[in-house]
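A short write-up of the structure that comes next.
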Amino acid sequence: MTTAHTSEPIFTLKSDCAFEIRTGECWGVIGGNGSGKSALARALAGEPSWWSGDRKTTLEKVLCVSFEDELSLLEREIYEDDSEFLDRVDQGRTTRELVTELLNDSVNLDAIISMMQLELFIDTGFRILSTGERRRMMIARALAQAPDMLVLDEPFDGLDVAFTHHLEELIAELSEKFPVVLIVNRLSELGSHITHLAQLSQGEVSIAGPRSEVEQSPLWKQLLAAHIDITSLPGLPLEFEPYVPTSDHPVVEMRGVNVGYHKKPIIHELDWTIMPGEHWKVSGPNGCGKSTLVNLVSGDHPQCYANEIFLFGKQRGQGESIWDIKRHMGLMSTALHQQYRITVTVETVVLSGFFDSIGVYRQAKSWQQDLTREWLEFLGMSAMKGEVFQRLSFGQQRMLLIARALVKRPHLLILDEPCIGLDPANRSLVVGLIERICANDLAQLLYISHEPEDHISCLTHELKFEKINPRPDIGPAYGVAMGQV
Numbered sequence: 016m017t018t019a020h021t022s023e024p025i026f027t028l029k030s031d032c033a034f035e036i037r038t039g040e041c042w043g044v045i046g047g048n049g050s051g052k053s054a055l056a057r058a059l060a061g062e063p064s065w066w067s068g069d070r071k072t073t074l075e076k077v078l079c080v081s082f083e084d085e086l087s088l089l090e091r092e093i094y095e096d097d098s099e100f101l102d103r104v105d106q107g108r109t110t111r112e113l114v115t116e117l118l119n120d121s122v123n124l125d126a127i128i129s130m131m132q133l134e135l136f137i138d139t140g141f142r143i144l145s146t147g148e149r150r151r152m153m154i155a156r157a158l159a160q161a162p163d164m165l166v167l168d169e170p171f172d173g174l175d176v177a178f179t180h181h182l183e184e185l186i187a188e189l190s191e192k193f194p195v196v197l198i199v200n201r202l203s204e205l206g207s208h209i210t211h212l213a214q215l216s217q218g219e220v221s222i223a224g225p226r227s228e229v230e231q232s233p234l235w236k237q238l239l240a241a242h243i244d245i246t247s248l249p250g251l252p253l254e255f256e257p258y259v260p261t262s263d264h265p266v267v268e269m270r271g272v273n274v275g276y277h278k279k280p281i282i283h284e285l286d287w288t289i290m291p292g293e294h295w296k297v298s299g300p301n302g303c304g305k306s307t308l309v310n311l312v313s314g315d316h317p318q319c320y321a322n323e324i325f326l327f328g329k330q331r332g333q334g335e336s337i338w339d340i341k342r343h344m345g346l347m348s349t350a351l352h353q354q355y356r357i358t359v360t361v362e363t364v365v366l367s368g369f370f371d372s373i374g375v376y377r378q379a380k381s382w383q384q385d386l387t388r389e390w391l392e393f394l395g396m397s398a399m400k401g402e403v404f405q406r407l408s409f410g411q412q413r414m415l416l417i418a419r420a421l422v423k424r425p426h427l428l429i430l431d432e433p434c435i436g437l438d439p440a441n442r443s444l445v446v447g448l449i450e451r452i453c454a455n456d457l458a459q460l461l462y463i464s465h466e467p468e469d470h471i472s473c474l475t476h477e478l479k480f481e482k483i484n485p486r487p488d489i490g491p492a493y494g495v496a497m498g499q500v
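Okay, here's the thing in structure tokens:
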């Protein structure tokens with residue numbers, strides 16, 4: 016697609032389809048998982064990437080904000096962890112330290128802190144920030160460097176609804192000052208301020224140009240119609256021994272649970288019960304305690320043993336084997352995604368779900384290997400089984416971790432923001448898969464999400480965190496509201 020232009024491009028990445036940016040343009044880029052969106056983002060910023068193309072620009076500082084950058088920063092913070100030398104847990108550099116680390120002298124720091132609403136966690140360590148708080152910090156860190164162009168790779172992932180709307184307005188304002196390239200999976204995130212669109216396919220820019228022209232193209236209309244029907248699931252594990260609940264016995268029960276950090280309450284006197292047959296949604300703003308709640312259930316939070324928490328009829332900390340508990344539980348979360356840093360193959364990631372481990376450290380049985388391959392075929396990823404997990408796109412990694420949670424057919428399936436990073440086709444696959452699991456009583460669901468777009472009709476109950484009694488010294492506290500959906 017070609018269009019007459021009145022000004023020379025200030026940025027060009029030539030491939031099979033020229034990607035040119037001019038002053039006053041705001042670009043939106045979309046494509047399926049594995050199409051090359053993140054590679055393009057790095058190429059636009061001049062970073063090493065497999066993306067083929069001739070990059071030319073008159074701009075001095077093109078910066079990219081991505082999940083991969085966040086992981087790199089996390090790796091650095093973990094490497095420099097000084098907890099063993101201190102009398103406390105090292106939380107890592109604070110939000111303030113990370114934002115000011117590369118601060119440009121021309122930038123008004125207070126304005127950026129206010130713009131990204133960092134005040135409540137400006138002095139909080141990076142490693143204990145929520146997913147949404149980390150994303151906001153990463154954008155602020157880029158803005159503090161006074162970029163000439165900003166590439167935002169999935170900036171809305173992990174953000175609550177209120178800040179998502181705020182960021183959409185902020186991006187529109189920023190695009191009036193310098194070029195912004197917005198790379199997303201959700202068509203709904205392409206706001207009215209987007210003037211130009213590009214669609215990627217198999218590592219190439221398949222179409223690019225003014226929005227009004229691209230939206231009329233057959234390729235774009237095909238993307239809008241993307242949908243996958245769920246007809247059948249891979250088989251049950253050969254040694255499948257399901258947990259069989261009784262109608263009057265809770266699957267999960269919490270009694271007066273309290274969790275906090277440094278006198279800041281996160282969860283206060285929480286009583287919560289999940290009965291057989293119930294499917295729960297957990298919602299609330301960034302930093303309210305959703306992921307903390309998930310970790311209490313899964314046993315991955317240290318304070319779960321200091322509280323009265325019952326799972327499958329057994330109380331935490333009463334001599335139960337953690338593996339006996341986890342064998343009936345499947346977990347997929349951003350925290351787990353970040354922990355999967357070891358170099359392993361695609362097949363190993365799914366196979367590790369049988370062992371609840373990061374990697375596989377024992378000989379897998381033949382039926383476990385066969386079932387793993389069934390799941391890879393179900394996801395259309397059989398040809399990738401020997402590829403390195405870290406070399407896949409973010410969305411592809413996400414799909415594999417969901418399969419990892421499901422491979423052993425758990426009774427309690429915990430999905431913490433499962434659709435982050437997924438293109439429309441794979442999002443349709445995941446939502447359809449969840450609906451089928453619930454409709455056929457294959458598992459009970461604990462679903463954490465900010466996105467109203469990812470509507471799950473089988474949910475029966477909701478636990479919602481809400482702000483109560485904000486205090487200047489510790490910020491807002493949160494209470495919970497519960498009820499049927």
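If you number the sequence shown the way this note's numbering does, the last residue is 500 and the count never jumps.
Idealized CB from N, CA, C, for every residue including glycine.
As the structure is a computational prediction, the values presented were derived from the model and not from experiment.
- Within the same chain, Cβ atoms closer than 7 Å to the Cβ of L457 are found at R424, the five residues on either side in sequence being excluded.
- Here L461 is near L427, since their CB atoms are less than 8 Å apart.
- Taking 8 Å as the cut-off, the Cβ atoms of K76 and P162 count as close.
- Rounded to whole angstroms, the Cβ separation of S221 and Q214 is 5 Å, and the two are in contact under 8 Å.
- In its chain, beyond the 5 residues on either side, L88, F141, M152 and R156 have a beta carbon closer than 8 Å to the beta carbon of L113.
- Counting only runs of 4+ residues, the alpha helix (DSSP H) found wholly inside the stretch 93 to 169 occupies 110 to 115, 124 to 130 and 146 to 158, in chain order.
- The three-state reading of DSSP puts N322 in coil, since its state is none of H, G, I, E or B.
- In this structure, the beta-carbon distance from M344 to I429 falls below 8 Å.
- When only Cα atoms are considered, E481 and C303 end up about 8 Å apart.
- As computed with DSSP, E481 is found in a beta bridge with G494.
- Taking one beta carbon from each stretch, the stretch 308 to 325 and the stretch 389 to 401 have fewer than 3 pairs nearer than 8 Å; the two do not touch.
- For S227, the enclosing alpha helix (DSSP H) begins and ends at R226 to V229.
- For L428, the three-state secondary structure derived from DSSP is strand.
- The beta carbon of H352 sits closer than 8 Å to the beta carbons of Q412, R413 and L416 from its chain, once the five residues preceding and following it are set aside; these are given in chain order.
- Relative to the Cα of R111, the nearest Cα in the group Q383, I154 and P439 belongs to I154.
- Relative to the Cα of K192, the nearest Cα in the group N301, C41 and F369 belongs to C41.
- C-alpha of S129 to C-alpha of E95: approximately 29 Å in a straight line.
- In the three-state DSSP reduction, E268 falls in the strand class (E or B).
- Note on E188: under 16 other CB atoms within 10 angstroms of its CB, so exposed under the neighbour-count rule.
- Rounded to the nearest angstrom, the Cβ distance from A54 to C79 is 11 Å, too far for a contact under 8 Å.
- Taking the Cβ atoms as the reference, G292 lies roughly 27 Å from E389, outside the contact range of under 8 Å.
- In the three-state reduction of the DSSP assignment, N455 falls in the coil class.
- Under the three-state reduction of DSSP output, H180 falls in the helix class.
- The beta carbon of V500 sits closer than 8 Å to those of K296, L474, T475, H476 and E477, all from its chain and outside the five residues before and after it, given in chain order.
- For the pair V272 and L311, the CB atoms are nearer than the 8 Å cut-off.
- Secondary structure at H294: coil, using DSSP grouped into helix, strand and coil.
- Straight-line measurement puts the Cα of L197 at about 12 Å from the Cα of S203.
- The alpha-carbon of P317 is positioned some 11 Å away from that of G275.
- For I209, the closest C-alpha among the options W65, L135 and V199 is that of V199.
- Distance from the Cα of A350 is smallest, within the candidate group S306, R377 and G368, for S306.
- By the CB criterion at 8 Å, I435 and I471 fall outside the cutoff.
- If you draw a 10 Å sphere on the C-beta of L133, you find 16 or more other C-beta atoms in it, and that means buried.
- Nearest to P265 by C-alpha distance, out of W287, P280 and P252, is W287.
- Rounded to the nearest angstrom, the Cβ distance from G224 to S50 is 18 Å, too far for a contact under 8 Å.
- Nearest neighbour of R201 by Cα position, chosen from G39, K479, N48 and L28, turns out to be N48.
- When the beta-carbon positions are compared, L394 and A379 stay at least 8 Å from each other.
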